[in-house]
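Have a look at the structure below before the remarks.
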Amino acid sequence: MHGIETLKKRIISGEKIVGASVRMWSTQDDINRTLEIRDYDFLAVDAQHSPFSEQTLADFCELTNEIGIPTQLRIMHANQAYLIGNMLDLGPSMIEIPQVEELETVHEAFKNFYYPQKGRRSWGPSRSPQTNLYLDRLEYARWWNDHGVLWMQIESLRGIDQVKEMSRAGADIFSWGPNDLAFDREAHPDHDLKTDDDCIEFVLSELTGTKSTLCLRTYGDDQIERYERMGATMFLDETAIASDPDV
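With my numbering applied, the sequence shown has no gaps in its numbers, which climb one by one up to 428 at the end.
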């Protein structure tokens, strides 16, 4: 298991990165059982399609930050990009914005994700990762601006068409929404990108030579291996949450 100190550098370098989706209300025992499955690089929790409370997120991040594993949060909606700073103050290391179609969403997220002079995030990171190691305001702001990881979830052909511009605007990760993307492909049968694999290959090609990476949600090692052969290096394993009896 690796920590937030090295994660962003490893992502940019193209190292294989695998995270796991878990419930936000997971206990320490739940987290430990998940980390026994694989040497996961991060844990991901969801506010878009799951129950959410700020206290639950803060409690979860307190557990993960104590053991040094980064937490990724998918927020409820792209229109909430202005709230990213508030969500980060509760403890995540990474934020995922769902259903991103507009370049302006990336700009808004970027401004609220980073501290000045890179962005405009307000100061107050009492629960954020590594605040106990970087006590000075400017020192911590520099650390965060070098290590925080900003995600955009691409779930439409319009979003895919703009992926290179979104990369230039500051998105570190592009995550995949295959089901919503399928709805959009069905609505545009004449588009050049006919299949999910067509879309993945296009995005991977667009990101070649950039510092951005595509992350694919996966269900099992066979799927990870297939996407690796296509050139992907980052994956979010959904198998643990898919077998959760509370689903």
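Backbone N, C-alpha and C define an ideal beta-carbon position, used for all residues, glycine too.
Start-to-end residues for the alpha helix (DSSP H) that takes in residue i
i, result
"Leu-244", "235 to 248"
"Arg-407", "402 to 411"
"Arg-349", "344 to 349"
"Gly-266", "265 to 269"
Three-state secondary structure assigned by DSSP to residue i
i, result
"Asn-360", "helix"
"Glu-419", "coil"
"Arg-308", "coil"
"Asp-427", "In this prediction, Asp-427 has a pLDDT of 49, which is less than 50 and means its spatial position is unreliable; what the coordinates show is noted afterwards. Asp-427: coil per DSSP, three-state reduction."
"Ile-185", "helix"
"Glu-285", "helix"
"Thr-389", "coil"
"Ile-193", "helix"
"Met-275", "strand"
"Leu-374", "coil"
Member of the options whose CA lies at the smallest distance from the CA of residue i
i, options, result
"Ser-307", "Tyr-321, Pro-297, Phe-294 and Phe-355", "Tyr-321"
"Trp-325", "Thr-312, Ser-337 and Gln-334", "Thr-312"
"Thr-420", "Gly-200, Ile-256 and Leu-316", "Gly-200"
"Asp-295", "Ile-405, Ala-262 and Ser-234", "This sequence places Tyr at residue 295; Asp is not what is there. Out of Ile-405, Ala-262 and Ser-234, Ala-262 has the C-alpha closest to the C-alpha of Tyr-295."
"Asn-246", "Pro-310, Leu-385, Asp-222 and Leu-338", "Pro-310"
"Leu-336", "Val-330, Arg-410, Glu-367 and Met-411", "The sequence shown places Glu at residue 336, not Leu. It is Glu-367 whose Cα lies nearest to the Cα of Glu-336."
"Lys-189", "Asp-365, Asp-327 and Thr-237", "Asp-327"
"Val-281", "Glu-235, Ser-348 and Asp-240", "Ser-348"
"Cys-242", "Asp-418, Leu-254 and Ser-231", "Leu-254"
"Thr-399", "Gly-358, Thr-237, Asp-379 and Gly-351", "Gly-358"
"Ser-274", "Gly-305, Gly-300 and Leu-331", "Leu-331"
"Thr-376", "Asn-360, Ile-256 and Thr-391", "Asn-360"
"His-258", "Leu-397, Ile-278 and Gln-404", "Ile-278"
"Gly-272", "Leu-316, Asn-293 and Glu-235", "Glu-235"
"Asn-293", "Leu-316, Gly-329 and Ile-405", "Gly-329"
"Arg-339", "Arg-318, Arg-302, Asp-317 and Val-384", "Val-384"
"Ile-256", "Ala-350, Phe-416, Gln-334 and Glu-409", "Gln-334"
"Asp-365", "Ser-386, Asp-342 and Phe-355", "Asp-342"
"Ser-194", "Lys-392, Arg-407 and Gly-412", "Lys-392"
"Gln-298", "Leu-319, Leu-314 and Tyr-315", "Leu-319"
"Asp-418", "Gln-209, Glu-409, Tyr-221 and Asp-210", "Tyr-221"
"Phe-416", "Glu-186, Glu-196, Glu-346 and Gly-184", "Glu-196"
"Ile-192", "Arg-410, Leu-388 and Gly-401", "Leu-388"
"Glu-382", "Thr-414, His-369, Gly-351 and Gly-401", "Thr-414"
Terminal residues of the beta strand (DSSP E) in which residue i lies
i, result
"Thr-252", "252 to 255"
"Met-333", "330 to 335"
"Ser-202", "198 to 202"
"Asp-227", "223 to 227"
"Thr-215", "Unbroken run through Thr-215 is the alpha helix (DSSP H), 209 to 218; no beta strand (DSSP E)."
"Phe-397", "Sequence check: residue 397 is Leu here, not Phe. That run of the beta strand (DSSP E) goes 394 to 399."
Cβ of residue i within 8 Å of any chain B Cβ
i, result
"Arg-349", "Looking for chain B here will not work: only one protein chain is present."
Original post:
Hey, is the region 246 to 253 in contact with the region 287 to 305, meaning 3+ C-beta pairs nearer than 8 Å?
Top reply: Cβ pair count under 8 Å is below three, so no.
Checklist entry - Can you find at least 3 beta carbon pairs, one from the region 267 to 276 and one from the region 208 to 217, that sit closer than 8 Å? => result No contact exists between the region 267 to 276 and the region 208 to 217.
**Prompt:** So, do the region 200 to 215 and the region 225 to 232 have three or more beta carbon pairs nearer to each other than 8 Å?
**Reply:** Remark: three or more beta-carbon pairs, one from each stretch, lie closer than 8 Å, so the region 200 to 215 and the region 225 to 232 are flagged as touching.
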